[in-house]
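Protein sequence lines correspond, in order, to chains A and B.
All residue numbers for the first sequence refer to the numbering used here, where the first residue is 1 and numbers rise by one.
All residue numbers for the second sequence refer to the numbering used here, where the first residue is 1 and numbers rise by one.
Ideal Cβ positions, reconstructed from N, Cα and C, are used throughout, including at glycine.
Number of protein chains: 2
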Amino acid sequence: MTHESSTLPIGIVTAFCAAWGRLDMDAMAALLHGEIDYHNIPMEPLSGKTAVEAYLRGAAARFDACAWEVHAIAATGDRVLTERVDRMCVEGKWITLPIMGIFEIEDGLIRRWRDYFDLASYRSQWPPVGREGDER
Amino acid sequence: MTHESSTLPIGIVTAFCAAWGRLDMDAMAALLHGEIDYHNIPMEPLSGKTAVEAYLRGAAARFDACAWEVHAIAATGDRVLTERVDRMCVEGKWITLPIMGIFEIEDGLIRRWRDYFDLASYRSQWPPVGREGDER
Numbered sequence: 001m002t003h004e005s006s007t008l009p010i011g012i013v014t015a016f017c018a019a020w021g022r023l024d025m026d027a028m029a030a031l032l033h034g035e036i037d038y039h040n041i042p043m044e045p046l047s048g049k050t051a052v053e054a055y056l057r058g059a060a061a062r063f064d065a066c067a068w069e070v071h072a073i074a075a076t077g078d079r080v081l082t083e084r085v086d087r088m089c090v091e092g093k094w095i096t097l098p099i100m101g102i103f104e105i106e107d108g109l110i111r112r113w114r115d116y117f118d119l120a121s122y123r124s125q126w127p128p129v130g131r132e133g134d135e136r
Numbered sequence: 001m002t003h004e005s006s007t008l009p010i011g012i013v014t015a016f017c018a019a020w021g022r023l024d025m026d027a028m029a030a031l032l033h034g035e036i037d038y039h040n041i042p043m044e045p046l047s048g049k050t051a052v053e054a055y056l057r058g059a060a061a062r063f064d065a066c067a068w069e070v071h072a073i074a075a076t077g078d079r080v081l082t083e084r085v086d087r088m089c090v091e092g093k094w095i096t097l098p099i100m101g102i103f104e105i106e107d108g109l110i111r112r113w114r115d116y117f118d119l120a121s122y123r124s125q126w127p128p129v130g131r132e133g134d135e136r
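If you want it as structure tokens, here you go:
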């Protein structure tokens, strides 16, 4: 891997995380590949931009505010690995999710995305109504 | 980040994963920093080589065999991010754990290590006796 080969993929993932921080779902969706495979590892995978975008917009609709803190980011070729703390404000309460994720870039877009986290820790922070944990 | 700066940290983490694959706990322990902070994110953190080594040797004692498949590995400075599938054979049954982890290298040793995974998915695969999930 050279520094040059990793700059673009890291930049795409950084822009994606920043879009979540603004809850700018148009900017977020513009970075999804048409054939994206998205897998929150404890949950069922989703395929295709239509399904993934609908799911993510549904998740974001629950958030009053959002911030994805990228604590570490590194690339190997077109794959970008991140350590993050994702924060989501739901009904006035901040939910904190320590998480790692990997993004695979194709044609300048996110073709594959897998996030790893503890689902029970996430669900337990949700307000009692809608504590399904499948909103993200 | 240059390629040169990342080679050593990646090599250390690769050696650490390979030691688990051989269940070579002496080789594994030789890569732990004296002041290591180790955190399986859904669980309580551990600090110091004595405590971490004892914990890891206790975990390994339950495994008939082990294999850590490193699917992606990338470094930024002294931090190494991995996507893995850790496989552990317990009482003749293979447990499969999709996982991401970050390792921070100091003085050629693992100073910090955080793994991210779904604890319930892991625990549910354990044999009924000893299904505590705190064996790793």
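For chain B, find out if any of its Cβ atoms is closer than 9 Å to the Cβ of residue i; answer yes or no.
| i | result |
| --- | --- |
| A:Thr14 | no |
| A:Ala59 | no |
| A:Gly101 | yes |
| A:Leu81 | yes |
| A:Cys17 | no |
Across which residues does DSSP place residue i in a beta bridge pair?
| i | result |
| --- | --- |
| B:Lys49 | Beta-bridge pairing links B:Lys49 to no other residue. |
| A:Tyr116 | A:Met100 |
| B:Ile95 | B:Met88 |
| B:Asp75 | The amino acid occupying residue 75 of chain B in the given sequence is Ala; Asp does not appear at that position. Paired residue(s): B:Val80. |
| B:Cys66 | B:Met88 |
| A:Asp37 | A:Ser47, A:Arg112 |
With a Cβ-Cβ cutoff of 9 Å, do residue i and residue j count as a contact?
| i | j | result |
| --- | --- | --- |
| A:Gly21 | A:Cys66 | yes |
| A:Ala54 | B:Val80 | no |
| B:Asp118 | A:Phe117 | yes |
| A:Ile99 | A:Arg123 | no |
| B:Thr76 | A:Ala72 | yes |
| B:Asp37 | B:Arg111 | yes |
Got a sec: is the Cβ-Cβ distance from residue i to anything in chain A below 9 Å?
| i | result |
| --- | --- |
| B:Ser47 | no |
| B:Met1 | Caution is warranted here: a pLDDT of 40 is assigned to B:Met1, below 50, making its placement in the model unreliable, and the coordinate value is therefore given only provisionally. For B:Met1, the answer is yes, since a Cβ of chain A falls inside 9 Å of its Cβ. |
| B:Arg136 | Caution is warranted here: a pLDDT of 49 is assigned to B:Arg136, below 50, making its placement in the model unreliable, and no coordinate value can be reported. |
Comparing C-alpha positions only, which one of the options sits nearest to residue i?
| i | options | result |
| --- | --- | --- |
| B:Trp113 | B:Asp78, B:Ala120, B:Leu8 | B:Asp78 |
| B:Ala120 | B:Asp24, B:Ile41, B:Ala75 | B:Ile41 |
| B:Lys49 | B:Met43, B:Phe63, B:Tyr122, B:Asp26 | B:Asp26 |
| B:Asp107 | B:Cys17, B:Pro128, B:Leu31, B:Ala72 | B:Leu31 |
| B:Pro128 | B:Thr14, B:Tyr116, B:Lys93, B:Leu109 | B:Lys93 |
| B:Met88 | B:Gln125, B:Phe117, B:Leu109, B:Phe103 | B:Gln125 |
| B:Leu46 | B:Arg123, B:Asp115, B:Tyr122 | B:Asp115 |
| A:Ala29 | A:Thr82, A:Thr14, A:Asp64, A:Leu109 | A:Leu109 |
| B:Arg62 | B:His33, B:Ile95, B:Val70, B:Val52 | B:Ile95 |
| B:Ala19 | B:Asp86, B:His39, B:Arg111 | B:Asp86 |
| B:Leu97 | B:Ala51, B:Val70, B:Phe103, B:Val13 | B:Val70 |
| A:Trp68 | A:Glu35, A:His33, A:Cys17, A:Asp37 | A:Cys17 |
Q: Can you give me, in chain order, the residues of the stretch 110–131 of chain A that have a beta carbon less than 8 Å from any beta carbon in chain B?
A: Residues Arg114, Tyr116, Phe117, Asp118, Leu119, Ala120, Ser121.
Q) Mind listing which residues of the stretch 61–76 of chain B have their C-beta closer than 7 Å to chain A's C-betas, in chain order? A) Ala72, Ile73, Ala74, Ala75, Thr76
Q | Interface residues of the stretch 28–44 of chain A facing chain B [CB-CB below 8 Å] | A | Ile41, Pro42
Q. Which residues, taken in chain order from the stretch 84–98 of chain A, show a beta carbon closer than 7 Å to some beta carbon of chain B?
A. Pro98
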